[in-house]
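Colleague: First the structure, which I've put down as C-alpha cells, then a few questions once you've had a look.
Number of protein chains: 2
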Amino acid sequence: MRTSIATVSLSGSLTEKLDAAARAGFDGVELFENDLLASPLTPEDIRARCADLGLRIDLYQPMRDVEAVPEAEFARNLRRARHKFELMRRLGADTVLVCSSVSPQAVDDDALAAEQLARLAGLAAEYGIRVAYEALAWGRHVSTYDHAWRIVETAGHPALGTCLDSFHILSRAFGPADLEGIAAIPGEKIFFLQLADAPLLAMDVLQWSRHYRCFPGQGGFDIAALVRHVLATGYDGPLSLEVFNDVFRQAEAGPTAVDARRSLLLLQEAVGKAILPDPVVPTGVAFAELVTPDAEPLADLLGALGFTRTARHRGKPVALWEQGDARILVNTGPAARRDGPRLAAIGLESPDPAGAARRAEALLAPVLPRRRAPRDAPLDAVAAPDGTELFFCATGRPDLPDWRADFADTGLPPARADIRGIDHLALTQPWHHFDEAALFHRGVLGLDAQESVDVADPYGLMRSRAVTNADGSVRIALTVGAAPTDDTVHAQHIALATDDVVAAARRFRDAGGRLLPVPANYYDDLAARFEFADGELETYRDLGILYDRDAHGAFRHCYTRTVGRVFFELVQRDGGDGGDGGYRGYGAANAPVRLAAQHTARALTGG
Amino acid sequence: MRTSIATVSLSGSLTEKLDAAARAGFDGVELFENDLLASPLTPEDIRARCADLGLRIDLYQPMRDVEAVPEAEFARNLRRARHKFELMRRLGADTVLVCSSVSPQAVDDDALAAEQLARLAGLAAEYGIRVAYEALAWGRHVSTYDHAWRIVETAGHPALGTCLDSFHILSRAFGPADLEGIAAIPGEKIFFLQLADAPLLAMDVLQWSRHYRCFPGQGGFDIAALVRHVLATGYDGPLSLEVFNDVFRQAEAGPTAVDARRSLLLLQEAVGKAILPDPVVPTGVAFAELVTPDAEPLADLLGALGFTRTARHRGKPVALWEQGDARILVNTGPAARRDGPRLAAIGLESPDPAGAARRAEALLAPVLPRRRAPRDAPLDAVAAPDGTELFFCATGRPDLPDWRADFADTGLPPARADIRGIDHLALTQPWHHFDEAALFHRGVLGLDAQESVDVADPYGLMRSRAVTNADGSVRIALTVGAAPTDDTVHAQHIALATDDVVAAARRFRDAGGRLLPVPANYYDDLAARFEFADGELETYRDLGILYDRDAHGAFRHCYTRTVGRVFFELVQRDGGDGGDGGYRGYGAANAPVRLAAQHTARALTGG
C-alpha cells in the first residue's frame, strides 16, 4: 500500500518536511495549508520539488466551515474554494479535505449540507478535483463518520466522497460495534484514510486531538482493527498519518519521519499488507559495552564488584570483564568522549542474528558495518533510536560467528561470582523520541513494552518504561528526563543480578567500592511499612540497600557511585524460583530516594 | 494570616526547598513525606533548620489508606501511624494530614471510618498530635468535603478535624451553592486549609491534580470565594499552598517560592486580610530601552523608521530616539551583551510612581536602585520576573522627577512622525515562569490579562498572553517558547503604532530599511478569504504587510529584519476612532507565517 504523511506532523520549513518524508520512504504527503502559506516556494516549485523527491501530494488540507450555511455565506465559501482549486491545479493535487463545520453559522440540516457539498464537488470536478468530507469529532452538527457518510451518500456526486480519520472515529468509539458502519461505505467512496493513535486520556477531545496524537502503535487505539474494516471495503488509497503533537513539533523532522514510517510498516504487517522478516526475539544479554577515555576508574569499579578482566580484543583497545553470565566490554577507543564512561552498545543473544538484523533494516534501523575492523568476526548490528548500538550475537554457537573469537584470553583467574548476570539495562532516551523508543524495541526486537511510570526526580518528573522478553532474560528500562535539556543529565546504568545482595554489597565495599548512601529517614519509613527480622534493616541501612515488594516477591537493590554517565546497581529478586518470575518491577517506588541521593552525592563530591 | 507552602510545590533538595520558602517570607511548610525520606538530614536537623529559618512545620503529609478497612489491616495502619507520630515528635510537627482512602480494601462504611479515625486520633493525642482528615476528589468512598466532615463529626474526637483543599473542593464544584456546606463546619474543627488553583481543563481529575495545579490567581478557580467561606467559620490556621505541577518541579525553587508567596498576598488582599498599597495602573509607555554593544545597526534601523536621536544622557552612553510619542533609549553601557540588542527596560507612565513601586515591593518585586548614577534624577523601578526593568515614570510632570532631566537635547530636527507611539511590546518569558509573569503584571501593575493563545512556530508550539490597561495605551505581549531551551531563541519586539502602515513601510524601505519578506502564498490565501480594493493586495505583497480582521476592525502590520534579539513591527489598527477601541488582537492568526518567515530570513542571512 502507498504511505503518506501530513506535513503538519513534522517540524521545520516545508522544504525540511518534504525532504524528511521522502528520505523516510513515504510515497506522498498531505499538504497542510499553513505550511504552504508560510513557504517561500511557489506552488509550482513545491510541485517540482515533490516530483524530484518521488512524493505525490495526496491531499490538500483542510477546507473548513464550508457546508450547511446560509446561501450568501456559501457563495463566499465557493469563491474561496475556487481560489483553492486553482492553487491545487498549480500544485498538481487532486483531492481536498473538507472538515465538518464548527461554525456557529452552520445549521443542523443534512439536506442543505448535502446540497451544498454537491455544489462544491461540482465546482471541484471542473478542476479535476475530488472532495473528501470528514466528520470532526467536535463538529458542530456532524461529528461521526456514519453521519458524514449519509450526507455524502445523499449528495450523490461522483466528485464527493468521505475521508475517514482514526482519531475522530476511535476517540468517540466505545466498542468494536462502532466500526461496523464502515462496511456500509463503498470502498471507492472512501477518498482518503487518515491515521493517528493517541494515549487513552479522559480529556476534552479537541485538546486531546491537538496536542496528544501519536503514531499508530504508540497510543491506546486499535488502529489495525479500523484499517482492516476500511480495507475490507476495497479502499485502495494511501495509509496516511496526520498527527498533531507538541513533542513532534519540536523534534527534528528526519527522525520523526522515520519513526512515523516505521509505525506504518508495523501497521501494514499487522493487517497483512506488508511482508517483513519475522521478529527474532532476543534470548539474553551477551554483553554491555562501555566506552571511556580512561579505563582506570571503571577497572577499579568492576574489580571491586568482583569482575575479572578475562580477555582483550585482538585488534582494538577493548577489554572483556566477566562474572557469572555478566560480560562487560570496556572500550577506550576513539568513540570515547571526554565526559567519562557511557553505555554505548548492547550485545543481545539471538536465535538468528542475521534474521534479526534483516527485520531491523526492513524497519528502517540504521545497519552498522558487519565488521568493525578487517580481521573481526562478522557481527549483525543496528543502531537504536537513542544511538545505542545493538549487536545480535550467537555466543558459543559453533555454526555462527562468535564475537568472542575476536578476544584473546588474559589467563586471569575466574571471578568470584557474587553476580549471576545482567538483570537489566537502563538507557536514557532523547526527550523527543521516548514513544519512538518503545515502538522500536517492541516492533523491531519483538520485546514487550510495560506500562510507563512517572518518577519524581528532585528537579523534574521523569518517565520510565521497560521493554522485556517473556522470561525476563532481556530487560531494558527506557528513561526520559523532565525536559529536552535533560538528555545528558541522567545517567545510564547496568543492573547486575545477584542471589545475595547483602553479601555482594559487602564484598564490593570491602574491596574498596563506594556504595550510594541512602538517608536514614528512608529506613525509618521501611520500618513503619514492613516487618523485618532482627538486624535486617540495620544491614540495609549500613549498605544503602533499598527494599520493595510486590505480589510476586521482594526486591532488594543498591547502587554504586556514578562514574562519568554510568553507574551499577546490584539487584536481588526474590520469588523467582517459584515459577512466577518473582518481583516484576524495577524498584520505581524507591527511585525518588535514589535520584535524590545521587543529586546529594554529586553536590558533595562532584561524582 | 500565616502563610505556608508544601515542600512538594518546590524543586530541589529539602534544604533548597526550606531555604526558598523562608527567603520568600513564608511562615511555615507542609513537610511532604517523600521529601523527608529523600533527605540526608535527620528529623532533629530538619527541626533545627526550620527553627533557624523561622519556619514552622505546619503539617506532615500525607498518611494514606488508613480508614474503613478490616481490623487486621487497621492494626497495621496504627502500627505505621505510631512510627509516623514518633517521627513527628522529633520534627516538632503537630498536625498530620490523612487523605480519604483510595485502597480497594476500603469499605463504604462511614461508621467504621469514623470509629477507626477516632482511634487514630486517640493514638495521635498521646503524642500531642492532631489528625486532619481530607476528602480526595478521587477518594474511593469519600470524595467530598461535606462527606469527610460528617465522618469527622460522627467520630467526635477532639484530636480529629478536617482539612479543606481548594482543588479537591472546586474540581468537583459546579456552583457557589457547593461551598455553602462549609458554614456548617465549626472553624476550630477545620485543622488545615490547602490552596491550589488549576486551569479549567476537562480531564481526568487525578491527572489534572497531579500535573496541572497552579498558584491561586493563575488558574480558573475562584479561590477567594472559597477562602471567604472558610474564614467565616472562624478558621485561623495558615493559608497553605499545595501545588503539584510538572513545570514547577523543574523550575528553580527560589523564584517559584516568590511567585507562590505573591499569589497568597494577592489572595489575602482579595479577601480583605492584607493591607497592600493600592495598584497604580500605568497610563502609557514612556520609553522602551534597548541595550546593545554596538549602536550602529540600531541607529540605522531607527533612522530608517523615521526616528531622530533627540537627546543623549548626561552621564552615560544612552541615546534617546523619538518619533511621535514613541521614545526608545539605546544603551551601549556595561549591561550590553555580545549577542546584540535586547529589550532591557520599559518606562511606564504612572499617576503615582512612588506608589506603584511601593506596591511592587510589597508584592516581592526586586526594587532597583533609585538612581542609576549619583547625578541622575531619582526613578522608581523594579524588576519583572523575566528580568526586564520596569521604570515608573512621570514624564513632563513638574511636581515629580522626570527621567528626561538626565538627558541633554542634541538639537537635531524633529522626526517625520509616521509613527504615533508604541502600540505594544513583546517580551519573551522564561519557560518555567509564564504563569508567574501574567500574575505579576496583573497583580503588581494592575493590568488585565487576556486569554492565552497557542502559536505554531515551525519548531514548536509557543504560547502568548497579553496584559493591557483599559484604554490599550499599555499593551505587553508575554510570549513563551515551546521548550525550556527556547528562552533565548525567540526575539523580543517593539510594535510601533502608525495611522498609515503602507506609507510608513514604504518610507522605511526607501530609507534603506529591510522589511521581512512574506511568502506570496500568504497573499493568495488573503485573496481567497477577503475582498480588497484594486491594487491593495499587491501593495501588501510588495511590502510584506500582513492583514487580519476582527469584529472591531482591521489590522495591518509588517516587520523589520531582526537585529540581535530585537525587531520592530509597524502596526495599523483600524476602527479605533469609532469608540470601541478598534481591532483588539495582535495578529496571532498571522504569527505562524511571520515566525516561518523569520526562520527563513535567519537561514538565508544569519540575521
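So the protein sequences, as listed, match chains D and W.
First residue of the first sequence: 1, per full-length UniProt numbering; consecutive thereafter.
First residue of the second sequence: 1, per full-length UniProt numbering; consecutive thereafter.
For glycine and all other residues, C-beta sits at the position ideal for the given N, C-alpha and C.
For clarity, every value in this text was computed on a predicted model and none was experimentally measured.
#1: Straight-line CA distance for residue 622(D) to residue 164(D)?
#2: Helix or strand or just coil, what does DSSP make of residue 476(W)?
#3: Note down, in chain order, every chain W residue with its Cβ under 7 Å from the Cβ of residue 519(D).
#4: Please list, in chain order, the chain D residues whose beta carbon lies closer than 8 Å to that of residue 524(W).
#5: Which partner residues does residue 386(W) have in the DSSP bridge list?
#6: Taking Cβ positions, are residue 19(W) and residue 238(W) nearer each other than 8 Å?
#7: Compare the C-alpha of residue 240(W) against each of 167(W), 247(W), 205(W) and name the closest.
#8: From what residue to what residue does the alpha helix (DSSP H) around residue 252(D) run?
#9: Quick one: give me the first and last residue of the beta strand (DSSP E) that residue 287(D) is part of.
#10: Only counting the same chain, and skipping five residues up and downstream in sequence, which positions put a Cβ closer than 8 Å to that of residue 117(D)?
#11: Within 8 Å of any Cβ in chain W, is that where the Cβ of residue 461(D) sits?
#12: Taking Cβ-Cβ distances shorter than 9 Å, what residues in chain W pair up with residue 600(D)?
#13: Could you pull out every residue in the same chain whose Cβ sits closer than 6 Å to the Cβ of residue 488(W), ignoring the five residues on either side in sequence?
#14: Output, in chain order, the set of chain W residues within a Cβ distance shorter than 7 Å of residue 429(D).
#15: Enumerate in chain order the residues of its own chain whose CB-to-CB distance from residue 446(D) is below 6 Å, with the five nearest sequence positions on each side excluded.
#16: Pick from 540(W), 513(W), 501(W): whose alpha carbon is nearest that of residue 525(W)?
#17: Among 309(D), 326(D), 528(D), which one has its Cα closest to the Cα of residue 409(D)?
#18: Of the choices 321(D), 340(D), 148(D), 381(D), whose alpha-carbon is the least far from that of residue 492(D)?
#19: Examine chain D for any beta-carbon lying closer than 8 Å to the beta-carbon of residue 250(W), and answer yes or no.
#20: Is any beta-carbon of chain D found at less than 8 Å from that of residue 529(W)?
#21: Check distances from the C-beta atoms of the stretch 173-207 of chain W to those of chain D and list, in chain order, the residues that come in under 8 Å.
#22: Kindly indicate which three-state DSSP category residue 460(W) falls into: helix, strand or coil?
#23: Going by DSSP, which residues form a beta bridge with residue 245(D)?
#24: Only counting the same chain, and skipping five residues up and downstream in sequence, which positions put a Cβ closer than 8 Å to that of residue 506(D)?
#25: Could you have a look at residue 452(D) and say whether DSSP puts it in helix, strand or coil?
#26: Residues in its own chain within less than 8 Å of residue 4(W) by CB, not counting five upstream and five downstream?
#27: With a cut-off of 8 Å, does the C-beta of residue 77(D) fall near any C-beta of chain W?
#28: Under the DSSP definition of a beta bridge, which residues are partnered with residue 558(W)?
#29: What would DSSP say about residue 60(D), mapped onto helix, strand or coil?
#30: Which runs of the beta strand (DSSP E) fall wholly inside the stretch 52-101 of chain D and span at least 3 residues, in chain order?
#31: Report the three-state DSSP secondary structure of residue 133(D) (helix, strand or coil).
#32: Between residue 406(W) and the rest of its own chain, which residues show a CB-CB distance below 6 Å, the 5 nearest in sequence each way excluded?
#33: Under 8 Å Cβ-Cβ, which residues of chain W neighbour residue 104(D)?
#34: Just to confirm the assignment: which complete beta strand (DSSP E) runs, minimum length 3, are found wholly within the stretch 299-330 of chain D?
#35: Which one or two residues does DSSP pair with residue 493(W) in a beta bridge?
#36: Would you tell me roughly how many angstroms separate the C-alpha atoms of residue 463(W) and residue 49(D), rounded to the nearest one?
Modeller: The structure says:
#1: Residue coverage of chain D in this structure runs from 1 to 607, which leaves residue 622(D) outside it and unanswerable.
#2: By 1-based counting over the second sequence, the position of residue 476(W) is 476. Strand, per DSSP.
#3: Here residue 519(D) refers to the residue found at position 519 when the first sequence is read from its first residue. Taking the beta carbon of residue 519(D) as reference, the chain W residues within 7 Å of it are 37, 38, 39, 40, listed in sequence order.
#4: For the purposes of this step, residue 524(W) is taken as the residue at position 524 of the second sequence. Within 8 Å Cβ-Cβ: 83, 87.
#5: As a first step, residue 386(W) must be located in the second sequence, where it is residue number 386. In the DSSP output, where bridge partners are listed per residue, residue 386(W) has none listed.
#6: As a first step, residue 19(W) must be located in the second sequence, where it is residue number 19. As a first step, residue 238(W) must be located in the second sequence, where it is residue number 238. No; because the gap between Cβ atoms is not below 8 Å, this pair is not in contact.
#7: Reading the second sequence from its first residue, position 240 is the one you call residue 240(W). It is 167(W) whose Cα lies nearest to the Cα of residue 240(W).
#8: Within the first sequence, numbered from 1, the residue matching residue 252(D) stands at position 252. Where residue 252(D) is concerned, there is no enclosing alpha helix (DSSP H), given that its DSSP letter is neither H nor E.
#9: What you label residue 287(D) is simply residue 287 of the first sequence in a count that begins at 1. Segment 284-291, the beta strand (DSSP E) holding residue 287(D).
#10: Indexing the first sequence from 1 puts residue 117(D) at position 117. Cβ neighbours of residue 117(D) beyond the five flanking positions: 66, 67, 98, 131, 133, 151, 152, 155, 157, 160.
#11: Residue 461(D) sits at position 461 when you count from the first residue of the first sequence. Output row for residue 461(D): interface = yes.
#12: Counting from one through the first sequence, the residue named residue 600(D) turns up at place 600. Near residue 600(D) (Cβ distances below 9 Å), the residues of chain W are 13, 38, 39, 40.
#13: Numbered from its first residue, the second sequence carries residue 488(W) at position 488. Because residue 488(W) carries a pLDDT of 48, less than 50, the predicted location of this residue cannot be relied on, and the following value inherits that uncertainty. Result list for residue 488(W): empty, nothing under 6 Å.
#14: Here the question's residue 429(D) lines up with position 429 in the first sequence. None at all; the shortest Cβ gap to chain W is about 16 Å.
#15: On the first sequence, position 446 is the one that residue 446(D) refers to. So the qualifying residues of the chain are 279, 281.
#16: Walking along the second sequence from the start, residue 525(W) turns up at place 525. Selected option, being the one with the closest Cα: 540(W).
#17: For this step, residue 409(D) is matched to residue 409 along the first sequence. Just measuring C-alpha positions, the residue of 309(D), 326(D), 528(D) sitting nearest residue 409(D) is 309(D).
#18: Locating residue 492(D) in the first sequence gives position 492, where the first residue counts as 1. Per the Cα distances, 340(D).
#19: If you number the second sequence from 1, residue 250(W) lands on position 250. With 8 Å as the cut-off, residue 250(W) counts as an interface residue toward chain D.
#20: Indexing the second sequence from 1 puts residue 529(W) at position 529. So, interface residue.
#21: 201, 202, 203, 204, 207
#22: As a first step, residue 460(W) must be located in the second sequence, where it is residue number 460. Strand.
#23: Residue mapping note: residue 245(D) aligns to position 245 of the first sequence, counting from 1. Beta-bridge pairing links residue 245(D) to 212(D).
#24: Position 506 of the first sequence holds residue 506(D). Cβ within range, chain order: 543.
#25: Numbered from its first residue, the first sequence carries residue 452(D) at position 452. Residue 452(D) falls in the strand class under three-state DSSP.
#26: Here the question's residue 4(W) lines up with position 4 in the second sequence. Here the set comprises 26, 27, 28, 29, 30, 56, 58, 59, 238, 239, 240, 241.
#27: By 1-based counting over the first sequence, the position of residue 77(D) is 77. Not one chain W Cβ lies under 8 Å of residue 77(D).
#28: Translated into the one-based positions of the second sequence, residue 558(W) becomes position 558. Paired residue(s): 570(W).
#29: For the purposes of this step, residue 60(D) is taken as the residue at position 60 of the first sequence. In this structure, residue 60(D) counts as strand in the three-state DSSP scheme.
#30: Within the stretch 52-101 of chain D, the beta strand (DSSP E) runs of at least 3 residues that lie entirely inside it are, in chain order, 56-63, 95-99.
#31: Here the question's residue 133(D) lines up with position 133 in the first sequence. Strand, per DSSP.
#32: In the second sequence, counting from the first residue as 1, residue 406(W) sits at position 406. Excluding sequence neighbours, residue 406(W) sits near 313, 314, 376, 377.
#33: Start at 1 with the first residue of the first sequence, and residue 104(D) comes out as number 104. Chain W residues near residue 104(D): none, gap ~13 Å exceeds 8 Å.
#34: Complete beta strand (DSSP E) runs here, min 3: 308-313, 318-323.
#35: The residue labelled residue 493(W) in the question sits at position 493 within the second sequence. Per DSSP, 426(W), 567(W).
#36: The count along the second sequence starts at 1 and reaches residue 463(W) at position 463. The count along the first sequence starts at 1 and reaches residue 49(D) at position 49. Inter-residue distance for residue 463(W) and residue 49(D) is about 32 Å (C-alpha atoms, whole angstroms).
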